[in-house]
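Chains as they are written, first to last, in this note's numbering: chain A, 277 to 574; chain B, 778 to 1032.
Heads up, the beta-carbon is just placed ideally off N, CA and C, and yes, glycines get one too.
Have a look at the structure below before the remarks.
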């Protein structure tokens, strides 16, 4: 074996080791979180944990339904606000914007992804919360699901926008040409050929955004109000549910873990395990969608 | 010579500062197949794409001179109206990632036909005209991309026919297909010329000789810009060309 070949094989093993390390770390995190969660799963039971409406660790009541509702609703709100915005950005960047505009817009959207989430929280507290407070509904403090959804929508925008833009751009040019040659306008080509062609990619972008939304913690703690209640509508309008305070699954862990002991601590770990599995499922389904391109299927 | 469906007069095309076509004057006869031949890079596809203004999708394109459809300047026409009358089939089959039915119904739908029975009739007659109906009639819901290459190209022809164009432009329609599929496309063209005016760009001189009624020969000049060298009935071009450069190309001395 020459020196060169030896070097090749050393490099190969070093790189393989790095790759294996990352797998190992994921597995370790899974195992240790799960180990800490075992007492909770055993003593409280998964059903009671998931469906219990009361979270009162002092009295041995560990139901995380309120937090599931909080996380679910805030994620829903973020998707409703964020997805149209992100898709708009993606379509604008891939189809409409001239290169000069693109070179300003794309980096700014990417910059959004780099802002620390605590800064989003601060922004939410000084800008969004006071704005939401102006909505005249009894008990509305501005802190709650709506403010949190708006902040979260901005946070997931770069993920959804960049993955969708990629999906749109990877629709082959020949489909566009085919459509234009039929006398279709830019808009018709966009809505009838390109977006349907990019659908699986856009779906995976949304799912990736969902995963990111579900995992967001500190910004949520800062604007959502953190009350352990099942969100409720305070007026006749069902939408006023979004003015309710709430707490997310992630926020619950972060707020309480410092002083939790025993079964309480274990229940928080169990919440972590549930989040872990949920987000893993979402990411892998997103990956599956990305991997499948309809027009490459023979 | 028969009446011209389309006509270019002193037509020049620029991609930015590069002049791709120089002073092209050409008549496209009604209900005939006109082949545009010439070596790679001579501007034959650029010329073809001028007839339905597809070049305009490329940034920096500029044209001078005139192109007429039925005596009307195409640059003063609405481009959507123009493309309804001048359909196109591409080199690589490009059915949309939709069902066979939706592919053919695409054009009629965007041009405002909503009625289901009318759409179904258009789909059937277009597929029949493209000699694809018998192969797909039991499976119109199948994805267009699940068809074979030759079938895909006939689907694209059906899609172009569905909006009842006057002219069908074909950009090397058989170059990605096997010989059997190629033959089918050629037979189909022969049938289509009864109703449509066809312009085909081809690399394949045998194909031009087999299918076309008229042939236009193009070549690049010293500035690498495409020029029209000779145009005439295919038999004349292939057996008795006027220009020595045409003869050299036909007899395979270059290109």
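C-beta contact flag for residue i and residue j at 8 Å
i: residue 545 of chain A; j: residue 306 of chain A; result: no
i: residue 974 of chain B; j: residue 812 of chain B; result: no
i: residue 425 of chain A; j: residue 362 of chain A; result: no
i: residue 938 of chain B; j: residue 889 of chain B; result: no
i: residue 427 of chain A; j: residue 499 of chain A; result: yes
i: residue 447 of chain A; j: residue 474 of chain A; result: yes
i: residue 783 of chain B; j: residue 846 of chain B; result: yes
i: residue 854 of chain B; j: residue 943 of chain B; result: no
i: residue 333 of chain A; j: residue 421 of chain A; result: no
i: residue 477 of chain A; j: residue 566 of chain A; result: yes
i: residue 874 of chain B; j: residue 925 of chain B; result: no
i: residue 788 of chain B; j: residue 801 of chain B; result: yes
i: residue 968 of chain B; j: residue 927 of chain B; result: no
i: residue 1023 of chain B; j: residue 994 of chain B; result: yes
i: residue 452 of chain A; j: residue 435 of chain A; result: no
i: residue 329 of chain A; j: residue 489 of chain A; result: no
i: residue 992 of chain B; j: residue 1014 of chain B; result: yes
i: residue 331 of chain A; j: residue 339 of chain A; result: yes
i: residue 534 of chain A; j: residue 547 of chain A; result: no
i: residue 555 of chain A; j: residue 491 of chain A; result: yes
i: residue 972 of chain B; j: residue 809 of chain B; result: no
i: residue 365 of chain A; j: residue 391 of chain A; result: no
i: residue 996 of chain B; j: residue 815 of chain B; result: yes
i: residue 510 of chain A; j: residue 439 of chain A; result: no
i: residue 562 of chain A; j: residue 483 of chain A; result: yes
i: residue 347 of chain A; j: residue 524 of chain A; result: yes
Partners in chain B for residue i, counting only beta-carbon separations shorter than 9 Å
i: residue 458 of chain A; result: 860, 861, 864, 865, 883, 884, 887, 888, 936, 937, 939 and 940
i: residue 469 of chain A; result: 873, 874, 875 and 883
i: residue 453 of chain A; result: 831, 834, 865, 867 and 871
Closer than 7 Å at the beta carbon, the chain B residues around residue i
i: residue 461 of chain A; result: 857
i: residue 473 of chain A; result: 874
Residue nearest to residue i in terms of C-alpha spacing, selected from the options
i: residue 468 of chain A; options: B:924, B:975, B:876 and B:935; result: B:876
i: residue 371 of chain A; options: A:330, A:351 and A:463; result: A:463
i: residue 559 of chain A; options: A:506, A:502, A:486 and A:543; result: A:486
i: residue 369 of chain A; options: A:441, A:565, A:498 and A:434; result: A:441
i: residue 415 of chain A; options: A:520, A:444 and A:542; result: A:520
i: residue 837 of chain B; options: B:1020, B:808 and B:797; result: B:797
i: residue 882 of chain B; options: B:870, B:950 and B:899; result: B:899
i: residue 494 of chain A; options: A:510, A:526 and A:478; result: A:526
i: residue 430 of chain A; options: A:310, A:359, A:288 and A:290; result: A:359
i: residue 819 of chain B; options: B:897, B:1000, B:853 and B:946; result: B:1000
i: residue 326 of chain A; options: A:411, A:278, A:533 and A:549; result: A:549
i: residue 791 of chain B; options: B:835, B:1019 and B:1013; result: B:835
i: residue 496 of chain A; options: A:400, A:517 and A:412; result: A:400
i: residue 906 of chain B; options: B:940, B:919 and B:892; result: B:940
i: residue 449 of chain A; options: B:868, B:991, B:795 and B:810; result: B:868
i: residue 895 of chain B; options: B:878, B:841, B:909 and B:843; result: B:878
i: residue 1003 of chain B; options: B:1029, B:822 and B:930; result: B:822
i: residue 445 of chain A; options: A:483, A:349, A:279 and A:470; result: A:470
i: residue 986 of chain B; options: B:803, B:1016, B:996 and B:997; result: B:1016
i: residue 542 of chain A; options: A:312, A:335 and A:324; result: A:312
i: residue 516 of chain A; options: A:443, A:557 and A:419; result: A:419
i: residue 839 of chain B; options: B:795, B:848, B:803 and B:859; result: B:795
i: residue 952 of chain B; options: B:930, B:964, B:1009 and B:945; result: B:930
i: residue 337 of chain A; options: A:319, A:279, A:348 and A:344; result: A:319
i: residue 780 of chain B; options: B:799, B:860 and B:848; result: B:848
Contact belief for residue i with residue j at Cβ below 8 Å, rounded distance in angstroms
i: residue 830 of chain B; j: residue 805 of chain B; result: The Cβ separation is near 15 Å, so there is no contact.
i: residue 934 of chain B; j: residue 988 of chain B; result: About 14 Å; that fails the 8 Å criterion.
i: residue 423 of chain A; j: residue 405 of chain A; result: 5 Å
i: residue 454 of chain A; j: residue 871 of chain B; result: 4 Å
i: residue 539 of chain A; j: residue 316 of chain A; result: 6 Å
i: residue 966 of chain B; j: residue 1027 of chain B; result: The pair is not a contact, with the Cβ atoms about 21 Å apart (cut-off 8 Å).
i: residue 518 of chain A; j: residue 353 of chain A; result: 6 Å
i: residue 827 of chain B; j: residue 844 of chain B; result: 6 Å
8 Å Cβ cut-off: residues of chain A touching residue i
i: residue 839 of chain B; result: In chain order: nothing, as chain A lies at least about 17 Å away.
Chain A residues whose Cβ lies nearer than 9 Å to that of residue i
i: residue 1017 of chain B; result: Correct list: empty, because the minimum Cβ distance to chain A is about 36 Å.
Under 8 Å from the C-beta of residue i: neighbouring residues of chain B
i: residue 450 of chain A; result: 867, 869 and 871
i: residue 464 of chain A; result: 887
* Closer than 7 Å, Cβ to any Cβ of chain C: which residues of the region 295-328 of chain A, in chain order? -> The question asks about chain C, but that chain is absent: this structure's protein chains are A and B.
* To do: At 3 residues or longer, and completely inside the region 877-923 of chain B: list those beta strand (DSSP E) runs for me, N to C.
  => none
* Sequence ranges, alpha helix (DSSP H) only - wholly within the region 509-546 of chain A, length at least 4 -> 525-532
* **Minimum length 4: unbroken alpha helix (DSSP H) runs contained in the region 302-340 of chain A** => 322-327
* To do: Pick out the complete alpha helix (DSSP H) segments inside the region 809-836 of chain B, 4 residues or longer, and give them in chain order.
  => 821-825
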